[in-house]
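2 protein chains.
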Amino acid sequence: MLIVKKFGGSSVADKERIFNVANRCIEDYKAGHKVVVVLSAMGKTTDGLLAKAADINPRASKRELDMLLTTGEQVSVALMAMAMGALGVPAVSLNAFQVRMHTTSAYGNSRLLRIDTGRIRDELENNKIVIVTGFQGINKRDDYTTLGRGGSDTTAVALAAALHADACEIYTDVDGVYTADPRVVPNAKKLKEITYDEMLEFASLGAKVLHNRSVEMAKRYGVPLVVRSSLNRNEGTIVKENADMEGMLVSGVAADRNTARISVMGVRDEPGIAFKVFKCLAKKEISVDIILQSIGREGTKDISFTVARTDMQEAVAALKAEMDAWGATEVTYDDTVAKVSIVGAGMESNAGVAAKMFEALYSANINIRMIGTAEIRITVLIDEADVKNAMRAVHNAFGLDS
Amino acid sequence: MLIVKKFGGSSVADKERIFNVANRCIEDYKAGHKVVVVLSAMGKTTDGLLAKAADINPRASKRELDMLLTTGEQVSVALMAMAMGALGVPAVSLNAFQVRMHTTSAYGNSRLLRIDTGRIRDELENNKIVIVTGFQGINKRDDYTTLGRGGSDTTAVALAAALHADACEIYTDVDGVYTADPRVVPNAKKLKEITYDEMLEFASLGAKVLHNRSVEMAKRYGVPLVVRSSLNRNEGTIVKENADMEGMLVSGVAADRNTARISVMGVRDEPGIAFKVFKCLAKKEISVDIILQSIGREGTKDISFTVARTDMQEAVAALKAEMDAWGATEVTYDDTVAKVSIVGAGMESNAGVAAKMFEALYSANINIRMIGTAEIRITVLIDEADVKNAMRAVHNAFGLDS
Numbered sequence: 003m004l005i006v007k008k009f010g011g012s013s014v015a016d017k018e019r020i021f022n023v024a025n026r027c028i029e030d031y032k033a034g035h036k037v038v039v040v041l042s043a044m045g046k047t048t049d050g051l052l053a054k055a056a057d058i059n060p061r062a063s064k065r066e067l068d069m070l071l072t073t074g075e076q077v078s079v080a081l082m083a084m085a086m087g088a089l090g091v092p093a094v095s096l097n098a099f100q101v102r103m104h105t106t107s108a109y110g111n112s113r114l115l116r117i118d119t120g121r122i123r124d125e126l127e128n129n130k131i132v133i134v135t136g137f138q139g140i141n142k143r144d145d146y147t148t149l150g151r152g153g154s155d156t157t158a159v160a161l162a163a164a165l166h167a168d169a170c171e172i173y174t175d176v177d178g179v180y181t182a183d184p185r186v187v188p189n190a191k192k193l194k195e196i197t198y199d200e201m202l203e204f205a206s207l208g209a210k211v212l213h214n215r216s217v218e219m220a221k222r223y224g225v226p227l228v229v230r231s232s233l234n235r236n237e238g239t240i241v242k243e244n245a246d247m248e249g250m251l252v253s254g255v256a257a258d259r260n261t262a263r264i265s266v267m268g269v270r271d272e273p274g275i276a277f278k279v280f281k282c283l284a285k286k287e288i289s290v291d292i293i294l295q296s297i298g299r300e301g302t303k304d305i306s307f308t309v310a311r312t313d314m315q316e317a318v319a320a321l322k323a324e325m326d327a328w329g330a331t332e333v334t335y336d337d338t339v340a341k342v343s344i345v346g347a348g349m350e351s352n353a354g355v356a357a358k359m360f361e362a363l364y365s366a367n368i369n370i371r372m373i374g375t376a377e378i379r380i381t382v383l384i385d386e387a388d389v390k391n392a393m394r395a396v397h398n399a400f401g402l403d404s
Numbered sequence: 003m004l005i006v007k008k009f010g011g012s013s014v015a016d017k018e019r020i021f022n023v024a025n026r027c028i029e030d031y032k033a034g035h036k037v038v039v040v041l042s043a044m045g046k047t048t049d050g051l052l053a054k055a056a057d058i059n060p061r062a063s064k065r066e067l068d069m070l071l072t073t074g075e076q077v078s079v080a081l082m083a084m085a086m087g088a089l090g091v092p093a094v095s096l097n098a099f100q101v102r103m104h105t106t107s108a109y110g111n112s113r114l115l116r117i118d119t120g121r122i123r124d125e126l127e128n129n130k131i132v133i134v135t136g137f138q139g140i141n142k143r144d145d146y147t148t149l150g151r152g153g154s155d156t157t158a159v160a161l162a163a164a165l166h167a168d169a170c171e172i173y174t175d176v177d178g179v180y181t182a183d184p185r186v187v188p189n190a191k192k193l194k195e196i197t198y199d200e201m202l203e204f205a206s207l208g209a210k211v212l213h214n215r216s217v218e219m220a221k222r223y224g225v226p227l228v229v230r231s232s233l234n235r236n237e238g239t240i241v242k243e244n245a246d247m248e249g250m251l252v253s254g255v256a257a258d259r260n261t262a263r264i265s266v267m268g269v270r271d272e273p274g275i276a277f278k279v280f281k282c283l284a285k286k287e288i289s290v291d292i293i294l295q296s297i298g299r300e301g302t303k304d305i306s307f308t309v310a311r312t313d314m315q316e317a318v319a320a321l322k323a324e325m326d327a328w329g330a331t332e333v334t335y336d337d338t339v340a341k342v343s344i345v346g347a348g349m350e351s352n353a354g355v356a357a358k359m360f361e362a363l364y365s366a367n368i369n370i371r372m373i374g375t376a377e378i379r380i381t382v383l384i385d386e387a388d389v390k391n392a393m394r395a396v397h398n399a400f401g402l403d404s
C-alpha cells in the first residue's frame, strides 16, 4: 500500500512528539507499505514568524510573508527526517520546490495546480520514507506560495490523489468526527464513517476537523480520508463518498457562534431591491448566509440575514452608507445569536426531519429566529445562550447517543 | 553602478539592525545604483538550528542538516524585504533555488558552480533591491547545499563576478583590515588597501575578516572587495590585485594561537622516512604547517612540525601508533606555542625583511623555536606567552604605526 499521512503542527511541536510521529510512520514502513508524510510547521512556529513580520512591517507584502512562512514546514520536515534517521530508517525531506508543487500565483491563499510526482516516486523506489512540507507551493515565477488555512490537509489530499495512494490519513488532536462537540454534548459519539458532503457541511459550520478545500479535493478525486488522533491509537472516522450510516437520518449536530443577524428595515417593495442590498455587501467581500425576507409596514419589506460575526461591523457600516437609496428606515443587528445545524446524507430521502428538529427545540423551550436549509443540512438561528440546550435536545431527539 | 553588499548574521541580528542595514542599502539605491544584498542567517540562528538537530540526531545526515540550515537565511532575506517595504522601497528576496545557485553535491561544504543571473537582472530592471540568501546553493538533484564557513562572503563575491558588479562590499563587525589586531597592538592602523594575496595570508593566520575561499574567488575573477563595518561609517579596506602600499615592505602582523608543536624523535636517517611520518598524518586529514628536520643522536633525525592545536591529540596518537616502524624513540608535543607572522606583498622584492623581524624579536628577548616562510609571509613559532610582546616589537620595527 501507498499511504499518505498528514500531521499538524501540534503533532510535531517538540522532540518527543516528533519521535512519536516518526515511530507511527515507521510502523507502516516496517509493515511493508510505502509512506509519504506531510507535515505542518512545528507548534506555534507560523504564529511566531507572523509576529516577527508584523513587528517589522505590519503591511508586509504577501509574497515576502510566504517566503518567510515556508521556512516553518521546511524545519519540520528536516527534523523529522533526522528523527527517522536516528531510528535507523532512511528518510528524505522535500519542500514545495523539490516536489514541484505548482500553485496559482496568489500569495497567502493559492490553489494547487499540479504536482510532479517524479522525485517522490524515485525516493519511494529507493525505500525511503518521503517527508513533504505541507501548506506550501511554488508559482510559475518559482516564488513560494502558501495554501491558506488548512493548507497542509490539502497538500496531503493532493499528494494522495497524484500518487494514487491507497489511504490518506489526517492526524489531528481529536480522534475523529463526532455526532456533536463532546464538550457541549457529553454523550456525543464518534462516527465510524461520514460522507464527503456531510464533512463539508460540518466544516462550514465551524467544526474544524478538516478544512473544506481538502474535503472538496478528496471528493473530486475520490480519495478516502481517515481522520484520527496522533496522540492515541483509537480508530478514526473514515470520510468517503457513500458512508454506511446504519439507517441514521442525521449524522451530527453542530453549532457555529461566529454569526450575527443584520436586518435592513422598511426597504421599498420593488424588484431588484434585495439584489442591491446584497451587492453592497458583495463589494466588501462579505458573505451572507441565512436570508429571511418579510413584509414590513405600509408596503415595505424587512430583509434579514446572517453574516460572520467578525464581518458585522463592516457590513452594518456599508449598509448604512447606502440605505437611503433603498428607502430603508433602519439597520438593526444582533451578535448574541448562534447557528445550530443538523447534518445528514439520509435526510434527503426522508421527510419529517425538520419537523423533528423543530419539535425538539420547542420542547426545550428554545425560540427559533431564522431557518435555513440545504440538501443535507437544516440550520436554525437561535439565541447564543440557548446553544448548549439546543444541541443536547436535538442530539437526543435523533438518538445520536445510541 | 551595480553594487553587491553582504551583511553577516550579527548585522541583521534584530529589528533595529535589520532597519540599519535596510537604510544603508536604500542610500545606494536612492543614489541611483542597482543594489544586490547578500545576507546570512540572523544572529545565532544557525547555531540554534544545529542545536535542535543535534538534540534529535547527533549524527544527522548532512543533506538534512542543509535542508534545515537553509531556512535561516531565507528568514533573513524575507524580513529584510519587508523592512525595505516598510521604508517605501521595492525589494524582493530570493533564495538559492530562485537564483539557481548551482553547487557541487557535497552537503555542508559545497562549492559554487554556476549562477543563473536572469531572475536577479529581471528584478533589478524592475527597480527593485534584490536580497539574496548567502551560504546556500542547490545541487543537481535540486537539494539544498551549504557552502561551509564564510559561505555568505563567497556567495557575495560569486554574485558580484556573475553580475559584473562594480563593487562588492563585505560588511562585518570590524571596520577593515588592520596592521595588527588592535586589541593586542593598540597603535595598529587600518589599511586602506591590501592585495588578495596578503588577505589570503592573513586569513590563513586566523585573522577572520574574510574567508579564504571568497578571497580566492575574488582574485580569480578580479572582483574588488571592500571590507567595512555595518555599525559605523568609516571607510573600509579595499582588497584588490595591486594595492598601493606606499612603499611599505610589510602590511601587517598576525598571530595564530591555534597551533601546537610535535616532534618525532630519533627516527632512522634513511630516505622516505619523512614521507612516512607525514603520510601517517595525511591519512587522518591532519594538516602540517612549519616543518623542521634536525640531526638527532647517533645517525638519527628528529622531525618537528606544527599542527592545529585542535588536531594535536589525534596527531600524537596516530604517530605513536606507527613510530616503532620508523625507529623513533619518542613523540613530544607542546601546545603552549603560537605563530607570529608578517605579511607583505613588498617583501618579495626586498631582502633583509626576515633579518629585521628576527632582530626585533631578539631585541625583545623572544626565543624563536621554528621558522617558516612563504612568498609574502614569514612566520615564527614562539612561546604563546610572548605573543603580545612579539607583535608589538615587530609592528614597531616595520613602522606600521606611522
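If you read the sequences in order, they're chains W and Z.
Yeah, the first sequence ends on 404 if you go by the working numbering, and it's all consecutive.
Yeah, the second sequence ends on 404 if you go by the working numbering, and it's all consecutive.
Ideal placement from N, C-alpha and C gives every residue a C-beta, glycine not left out.
Cβ shell of residue i (< 7 Å), same chain only, five flanking positions each side left out
| i | result |
| --- | --- |
| residue 330(Z) | 266, 267, 268, 269 |
| residue 68(Z) | 109, 110, 146, 147, 148 |
| residue 229(Z) | 172, 174, 178, 179, 211, 212, 238, 239, 241 |
| residue 278(Z) | 328 |
Backbone secondary structure at residue i - three-state DSSP
| i | result |
| --- | --- |
| residue 297(W) | strand |
| residue 307(W) | strand |
| residue 62(Z) | coil |
| residue 179(Z) | coil |
| residue 187(Z) | coil |
| residue 171(Z) | strand |
| residue 370(W) | coil |
| residue 154(W) | helix |
| residue 195(Z) | strand |
| residue 119(W) | coil |
| residue 250(Z) | coil |
| residue 99(W) | helix |
| residue 333(Z) | strand |
| residue 379(Z) | strand |
Cβ shell of residue i (< 6 Å), same chain only, five flanking positions each side left out
| i | result |
| --- | --- |
| residue 379(Z) | 203, 343, 345 |
| residue 226(Z) | 242 |
| residue 400(Z) | 252 |
| residue 169(Z) | 5 |
| residue 313(W) | 288 |
Partner residues on chain W for residue i, Cβ-Cβ distance less than 8 Å
| i | result |
| --- | --- |
| residue 69(Z) | 76, 79, 80, 83, 95, 97 |
| residue 218(Z) | The premise fails here: residue 218(Z) is roughly 30 Å from chain W at the closest Cβ pair, so nothing lies under 8 Å. |
Residue nearest to residue i in terms of C-alpha spacing, selected from the options
| i | options | result |
| --- | --- | --- |
| residue 263(Z) | 385(Z), 160(Z), 236(Z) | 385(Z) |
| residue 220(Z) | 153(Z), 100(Z), 163(Z), 126(Z) | 163(Z) |
| residue 307(W) | 317(W), 83(W), 159(W), 74(W) | 317(W) |
| residue 141(Z) | 65(Z), 326(Z), 194(Z), 332(Z) | 65(Z) |
| residue 451(W) | 86(Z), 285(Z), 366(Z) | In the structure displayed, chain W extends from 3 to 404; residue 451(W) sits before or after that span and is not available. |
| residue 250(Z) | 282(Z), 349(Z), 398(Z), 53(Z) | 349(Z) |
| residue 280(W) | 82(W), 190(W), 324(W), 186(W) | 324(W) |
Cross-chain neighbours of residue i in chain Z, by beta carbon under 7 Å
| i | result |
| --- | --- |
| residue 62(W) | 84, 87 |
| residue 377(W) | None at all; the shortest Cβ gap to chain Z is about 44 Å. |
Contacts around residue i, its chain only, beta-carbon distance under 8 Å, and the 5 residues preceding and following it disregarded
| i | result |
| --- | --- |
| residue 396(W) | 255, 342, 344, 359, 362, 363 |
| residue 292(W) | 307, 308, 341, 372, 373, 374, 381, 383 |
Listed by chain order, chain W residues near residue i by CB distance under 9 Å
| i | result |
| --- | --- |
| residue 73(Z) | 72, 73, 74, 76, 77, 80 |
Closer than 6 Å: residue i CB and nearest the ligand ADP heavy atom
| i | result |
| --- | --- |
| residue 388(Z) | With respect to small molecules bound, the structure shown includes none, and the ligand ADP cannot be examined in it. |
Neighbour list for residue i in chain W, Cβ cutoff strictly below 7 Å
| i | result |
| --- | --- |
| residue 2(Z) | For residue 2(Z) there is no data in the structure shown, the boundaries of chain Z being 3 and 404. |
- chain W contacts made by the region 40–59 of chain Z, where a contact means CB separation under 8 Å: From the region 40–59 of chain Z, only 51, 54, 55, 57, 58, 59 have a Cβ closer than 8 Å to chain W.
- Query: Taking any Cβ of chain W, which residues in the region 87–99 of chain Z have a Cβ under 7 Å from it, in chain order?
  - Reply: Going along the region 87–99 of chain Z in chain order, one finds 87, 88, 95, 99 with a Cβ nearer than 7 Å to chain W.
- Message: Residues of the region 126–144 of chain Z in Cβ contact with chain W at a cutoff of 8 Å, in chain order, please.
- Response: So the list reads 144, given in the order they occur along the chain.
- Task: Please name the residues in the region 18–30 of chain W whose beta-carbon is closer than 7 Å to at least one beta-carbon of chain Z, in chain order.
- Result: Listed in sequence order: 20.
- Task: Compile a chain-ordered list of the residues in the region 156–185 of chain Z whose CB is closer than 9 Å to at least one CB of chain W.
- Result: Result list empty, no residue passes.
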